[in-house]
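Undergrad: Heads up: the sequence lines are chains E and D, in that order. Counting with our numbering, you get residues 1 to 301 for the letters of the first sequence. Counting with our numbering, you get residues 1 to 203 for the letters of the second sequence. Virtual Cβ for every residue (Gly too), placed ideally from N, Cα, C.
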Amino acid sequence: MMTLQQDICNDTRKKTPLEGYNFAYLDESTKRMIRRGLLKAVAVPGYQVPFAGREMPMPCGWGTGGIQVTASVIGEEDVLKVIDQGSDDTTNAVSIRRFFAGTTGVETTTHTAEATIIQTRHRIPEHPLNENQILVYQVPLPEPLRWLEPSEKETRTLHALEEYGLMNVKIYEDIMRHGAIAMSFDYPVRVNGRYIMSPSPIPRFDNPKMHQCPALQLFGAGREKRLYAIPPYTDVKSLDFEDYPFEVQRWEEPCALCGARHTYLDEVVLDDTGRRMFVCSDSDACAENRARQGMTEVSHE
Amino acid sequence: MSCPVTHPAHWNNPVRQAQQTFRSLLRALSRPCRPVPLPLPEGTAAPLAPELAAIALTLCDQDTTVWLSPSLNEESVRRWFRFQCGSTMDDDPGRADFAFIADPEDMPPLSVFSQGSAEYPDRSATLCLGGMMFSQPQGSFSCTASGPGIRRSLVFQCNLPERFLLQWEENHQSFPQGVDMFLCGEGMASGLPRSTTLKAQEA
Numbered sequence: 001m002m003t004l005q006q007d008i009c010n011d012t013r014k015k016t017p018l019e020g021y022n023f024a025y026l027d028e029s030t031k032r033m034i035r036r037g038l039l040k041a042v043a044v045p046g047y048q049v050p051f052a053g054r055e056m057p058m059p060c061g062w063g064t065g066g067i068q069v070t071a072s073v074i075g076e077e078d079v080l081k082v083i084d085q086g087s088d089d090t091t092n093a094v095s096i097r098r099f100f101a102g103t104t105g106v107e108t109t110t111h112t113a114e115a116t117i118i119q120t121r122h123r124i125p126e127h128p129l130n131e132n133q134i135l136v137y138q139v140p141l142p143e144p145l146r147w148l149e150p151s152e153k154e155t156r157t158l159h160a161l162e163e164y165g166l167m168n169v170k171i172y173e174d175i176m177r178h179g180a181i182a183m184s185f186d187y188p189v190r191v192n193g194r195y196i197m198s199p200s201p202i203p204r205f206d207n208p209k210m211h212q213c214p215a216l217q218l219f220g221a222g223r224e225k226r227l228y229a230i231p232p233y234t235d236v237k238s239l240d241f242e243d244y245p246f247e248v249q250r251w252e253e254p255c256a257l258c259g260a261r262h263t264y265l266d267e268v269v270l271d272d273t274g275r276r277m278f279v280c281s282d283s284d285a286c287a288e289n290r291a292r293q294g295m296t297e298v299s300h301e
Numbered sequence: 001m002s003c004p005v006t007h008p009a010h011w012n013n014p015v016r017q018a019q020q021t022f023r024s025l026l027r028a029l030s031r032p033c034r035p036v037p038l039p040l041p042e043g044t045a046a047p048l049a050p051e052l053a054a055i056a057l058t059l060c061d062q063d064t065t066v067w068l069s070p071s072l073n074e075e076s077v078r079r080w081f082r083f084q085c086g087s088t089m090d091d092d093p094g095r096a097d098f099a100f101i102a103d104p105e106d107m108p109p110l111s112v113f114s115q116g117s118a119e120y121p122d123r124s125a126t127l128c129l130g131g132m133m134f135s136q137p138q139g140s141f142s143c144t145a146s147g148p149g150i151r152r153s154l155v156f157q158c159n160l161p162e163r164f165l166l167q168w169e170e171n172h173q174s175f176p177q178g179v180d181m182f183l184c185g186e187g188m189a190s191g192l193p194r195s196t197t198l199k200a201q202e203a
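1. For the candidate residues Gly66/E, Leu270/E and Ile196/E, whose alpha-carbon lies nearest to that of Pro140/E?
2. Taking the alpha-carbon positions, what's the Arg190/E to Pro47/D distance?
3. So the candidates are Asp266/E, Cys286/E and Lys14/E; which of them puts its Cα closest to the Cα of Val79/E?
4. Considering only C-alpha positions, which residue in the set Met33/E, Gly63/E, Glu76/E and Gln68/E is nearest to Gln17/D?
5. Using the rule of at least 16 other Cβ atoms within 10 Å of the residue's Cβ for burial, across every protein chain shown, is Val82/E buried or exposed?
6. Could you tell me whether the Cβ of Glu119/D comes closer than 9 Å to any Cβ of chain E?
7. Among the residues of its own chain, which have a CB less than 7 Å from the CB of Gly193/E, if the five just before and after it don't count?
8. Give me the Cα-Cα distance between Glu154/E and Glu74/D, rounded to the nearest whole angstrom.
9. Where does the unbroken alpha helix (DSSP H) through Asp305/E begin, and where does it stop?
10. Give me, in chain order, the residues of the same chain whose beta-carbon lies closer than 7 Å to that of Ala113/E; leave out the 5 immediate sequence neighbours on both sides.
11. Under DSSP, the alpha helix (DSSP H) around Ser30/D begins and ends at which residues?
12. Residues of chain D with CB closer than 7 Å to the CB of Val49/E, please, in chain order.
13. At 4 residues or longer, and completely inside the region 12-81 of chain E: list those alpha helix (DSSP H) runs for me, N to C.
14. Tell me the residue span of the beta strand (DSSP E) that contains Ser146/D.
15. Three-state secondary structure (DSSP) at Ala93/E?
16. Could you tell me the alpha carbon to alpha carbon distance between Gly86/D and Leu18/E, rounded to whole angstroms?
17. Under the DSSP definition of a beta bridge, which residues are partnered with Phe185/E?
18. Among the candidates Leu129/D, Ser135/D, Arg151/D and Cys158/D, whose CA atom is the shortest distance from the CA of Cys143/D?
19. Can you name, in chain order, every residue of its own chain whose Cβ lies under 6 Å from the Cβ of Pro4/D, other than the five neighbours on each side?
20. Taking just the CA atoms, how far does Leu183/D sit from His300/E?
21. Cα-Cα, which of Gln138/E, Lys225/E, Tyr21/E and Arg35/E is closest to Ile118/E?
22. Which whole-angstrom value describes the C-beta separation of Phe113/D and Val179/D, a residue pair presumed to lie in contact below a C-beta threshold of 8 Å?
23. Just the Cα atoms here: how many angstroms apart are Gln19/D and Pro201/E?
24. Quick one: measure Cβ to Cβ for Thr110/E and Asp266/E, integer angstroms, because I've assumed they're closer than 8 Å.
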């Protein structure tokens, strides 16, 4: 058995890709179809482009949409980082990173600043992104209006007519019922003043990072077969009301490992007597913080 | 007489070069009005410019319908498209997914191309226009570009005719419908998605 750290170190080296597979697994005709879709998605920010999603060698719900986007975009010179809930070493992240290391042979990394493509499940890294990076999101439900209107034909018409009253009513009802807007993740945004878009289930803490982001953001939903995009330097506004402005989550305590006060924290239950601690969800940012402070060993005392 | 049959434009390494060209196009379209160098294919598809051939080899296949501008619409080019890309050729610009246009003089009004529908704006045409010059523009087309992908605004210079600004204004106004363009020349491509606003610069 290898430890996770060994596994990540093994993976990072550039390798010869697996024989018998096309580069990045997908066939060229599928890549062309997805590439045409991505270009249209970039031209109409926030609009969901339908595409012919393929069967991937892992089930829907494991990031098949994001994988197909990454496979269509990635090249030999890229450096790939994969995160799952901010962490580089959870099952989903490890298996996707191994998949691309095997089928493309590209270099992989856990450091946000070194990566050129970052595939993410439900987080935006804490480290600011740059102009040469592409952030690929795995999306379970691309349609922000789906819980309010089950019919695809109807939601498409609503988007076409820019008829977003339903969403305003939903936010209003949240305030009436809970006294505040109760959506803590997958908080809908308006892109470039036109389309309402699901940011995928990232915590609303991450929403402000999408606004005027220097990196290109691509979204892939495998089961629902939709692609969408936010070009760099695009206005992304979280929906709210003037008297109930959008706010991000805050924590009373700092990260228990690195002491950071302005990162997104996960609650970790320590035992069955109710002891728990809050730690950074972004494992790379947390490790960097600790290294800067000269802390090496993590004490779970 | 051109003879693309003897040495037709093609990729030596189709997987890698198509990927690199796509990344250049993606970069060009997500950062509009900033020309990006394109990998160019081996061989020739004359009178089709090498930049346009690179886009065709990267994005066109049996699922796409291609329209050629009058000066490109000759049998040698059609044959090249049919053999290298497998695309369907159509003389009706309203039915084309991709339009390849030799130079600005050869370009019909943008409104003749498919604009997509209100529900499916992605079904509009992509126009690939050759013969562009970005460094030393003849004529005096200089404008201020803004919109998604552009931080604040930037000055864009090229050899498009003045009348293009009006057409583009109309195209931009019909957002989310409208066509997207790749302006190609000098081994580079500059993206012009429908979301970009172009304003004439005061002299």
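TA: Here's the rundown:
1. Gly66/E
2. 44 Å
3. Lys14/E
4. Glu76/E
5. buried
6. yes
7. Asp235
8. 45 Å
9. For chain E, the structure presents residues 1 to 301; residue 305/E sits outside this window and is missing.
10. His127
11. Pro14 to Ser30
12. Asp122
13. 28-43 and 64-73
14. Phe141 to Ser146
15. helix
16. 29 Å
17. Pro203/E
18. Cys158/D
19. Note on Pro4/D: pLDDT 46, under 50, position unreliable in the model; the coordinate value appears next. Hits under 6 Å: Thr44, Ala45, Ser76 and Trp80.
20. Bear in mind that a pLDDT of 46 at His300/E, under 50, signals an unreliable position, so the model cannot answer this.
21. Gln138/E
22. 5 Å
23. 29 Å
24. Rounded, the Cβ-Cβ distance is 17 Å, inconsistent with contact.
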